[in-house]
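Chains as they are written, first to last, in this note's numbering: chain A, -7 to 291; chain B, -7 to 291.
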């Protein structure tokens, strides 16, 4: 069994970006610049945004953190988004979710210019991805593709089962793995709460991607000997023995399943650490794309 | 075996729209207005666009046909699209594909405002559909959903196999049938040229949607007794005994498969006639949406 180490892979990606950005600086090229809008004082959001800002600093990427109190109006946010859309010095930006209830998250997502939407949440990016056009793919699916690629896991012709049809993980993963690309060409079955013979379907899979948010849902009996198992689930369960007060549970019964799997990603330390790396990859891409557009305009 | 009669269903939809539009007229509400841009003299395109215009007239929908010669510039087309985007009297419009080679089809598709894109080809509409947001779904997938709905075919919990992963049929169908909706909730497997055990997978399906473009690809041995079979394929094969000079072949060996299927759609007369009906449904929807937006602005 080979452990898919997301922490190490994310580290490698950051090192690669660090040297690419150093090269841009040496050549006097524009350096990627990520802006993040943070609203309110949700503990999780603050921690996560801070980790993003810290990661930018580590790799030499510029970052701007814009914070608002919980009471900020939707209009103020929309104005700021418009400003960032038109600011050539910003390669891409994100609005950290969730937002306070008086703000329409959908309206906010739609206001971000698709060319700066490094979170890949705008419908135009989702559609471009589905159509096989260049797009920003959102952090988790992008991170999973990077893991498959960097661990040389062959997807072509494999039977792949995705558990869970969420808009941010299951559905995009099903599209990405079906496409005619080096990390695609799999035969994908998307299973969910209405699926009748879920265990039987999983048992035949060469690759299982579990993104259902139910702790230890995938048991050893549901997994074929030698399957690749990617665990996307993260459920917090209270645990007073932990400093944080909780323990993170994946969707996969790791201890039992790891004895049968050929490759398996753990929780924590698997897909999770890849999300920030994916965001940095997208921001780097946005910067390079806008630089080449600018060069085309000037030539 | 029940024959899924697309011709009859399309006729019913047109009759429904006809009376809805008559009602709009009686109430002095804006009437749907479809514009179509036709470039060059491709025989198929001319026939198809004319059929659309004729269908509009039949149901009392307004239509405008804008034609250009083969040599029209991309800029002229883009200017016309911009004009139609901003013309409040146009509910929605289409640019008939294919276009001459000197014109970038992708650029043209992206220029159409998503709110007037009644063909549902703009990435924003594809993405909105994937995210479960209100969207214009393109003609063929939309037509298949209408057939499933109007024949009371239950999709929930069914094993559904889609053959072919094209951007315009297979991929959107896989997303639509997976979603949590009355015509969704199926367990979908998308199979394609790289799938290894295609026959075996098809044999287990409760619902098969064949959209691969290979005449009589689906044989009776690949179909379970009682399965629902939807045939999307249309391949023209020369046949001098026909007035048109060709015969239309579906992806399904109808004669043999119809003996096992519970429901089956023929070619011709199945999914094909539904495409124009879908376009009319989308244009009607675009009109109603823009009227209600206008009313909201005025109130």
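In this text, a Cβ means the ideal position worked out from N, Cα and C, and glycines have one as well.
Contact with chain E by residue i, beta-carbon distance below 7 Å
i	result
residue 177(A)	No chain E appears in this structure, whose protein chains are A and B.
Residues near residue i in its chain [Cβ-Cβ closer than 8 Å; skip 5 each side]
i	result
residue 138(B)	1, 5, 266, 269, 270, 273
residue 237(B)	230, 231
residue 54(A)	23, 24, 25, 26, 48
residue 10(A)	50, 51, 52
residue 14(B)	52
residue 74(A)	103
residue 12(A)	276
residue 97(A)	89, 90, 91
Beta-carbon separation (whole angstroms), residue i vs residue j, contact threshold 8 Å
i	j	result
residue 225(A)	residue 204(A)	6 Å
residue 371(B)	residue 283(B)	Examination of residue 371(B) is not possible in this model, given that chain B is present from -7 through 291 alone.
residue 277(A)	residue 243(A)	So it is not a contact: roughly 29 Å between Cβ atoms.
residue 44(B)	residue 58(B)	With a Cβ gap of about 13 Å, residue 44(B) and residue 58(B) do not count as contacting.
residue 263(B)	residue 222(B)	7 Å
Contact check, residue i vs residue j, beta carbons under 7 Å
i	j	result
residue 169(A)	residue 178(A)	yes
residue -4(B)	residue 241(B)	no
residue 186(A)	residue 124(B)	no
residue 210(B)	residue 202(B)	yes
residue 92(B)	residue 35(B)	no
residue 153(B)	residue 194(B)	yes
residue 70(A)	residue 49(A)	no
residue 252(A)	residue 197(A)	no
residue 119(B)	residue 118(A)	yes
residue 77(A)	residue 105(A)	yes
Residue i, buried or exposed, once every other Cβ within 10 Å from all chains shown has been counted against 16
i	result
residue 122(A)	buried
residue 229(A)	exposed
residue 257(A)	buried
residue 116(B)	buried
residue 134(B)	buried
residue 39(A)	exposed
residue 171(A)	buried
residue 17(A)	exposed
residue 234(B)	exposed
residue 126(B)	exposed
residue 275(B)	buried
residue 90(A)	exposed
From the options, residue whose alpha carbon lies closest to that of residue i
i	options	result
residue 84(B)	42(B), 215(B), 91(B), 113(B)	113(B)
residue 279(A)	251(A), 14(A), -6(A), 25(A)	25(A)
residue 95(B)	213(B), 57(B), 66(B)	66(B)
residue 158(A)	146(A), 184(A), 171(A), 147(A)	184(A)
residue 136(B)	285(B), 287(B), -1(B)	-1(B)
residue 181(A)	166(B), 3(B), 69(B), 71(B)	166(B)
residue 63(B)	77(B), 30(B), 78(B), 47(B)	30(B)
residue 42(A)	18(A), 243(A), 75(A), 86(A)	86(A)
residue 246(B)	143(B), 261(B), 234(B), 285(B)	261(B)
residue 142(A)	111(A), 175(A), 118(A), 164(A)	175(A)
residue 188(B)	151(A), 164(A), 222(A), 173(A)	151(A)
residue 145(A)	218(A), 78(A), 164(A)	218(A)
residue 81(A)	108(A), 59(A), 89(A), 101(A)	108(A)
residue 68(A)	13(A), 99(A), 264(A)	99(A)
residue 249(B)	164(B), 208(B), 61(B)	208(B)
residue 60(A)	88(A), 101(A), 173(A), 227(A)	88(A)
Own chain residues within Cβ distance below 7 Å of residue i, not counting five before or after
i	result
residue 160(A)	130, 132
residue 162(A)	154, 156, 182, 203
residue 101(B)	113, 114
residue 140(B)	147, 175
residue 239(B)	229, 231
heavy atom of the ligand MG below 6 Å from residue i C-beta
i	result
residue 126(A)	Here there are no bound small molecules, and the ligand MG is not part of this structure.
Residues of its chain near residue i, where Cβ-Cβ distance is below 6 Å and the 5 sequence neighbours each way are ignored
i	result
residue 56(A)	27
residue -6(A)	255
residue 164(B)	133
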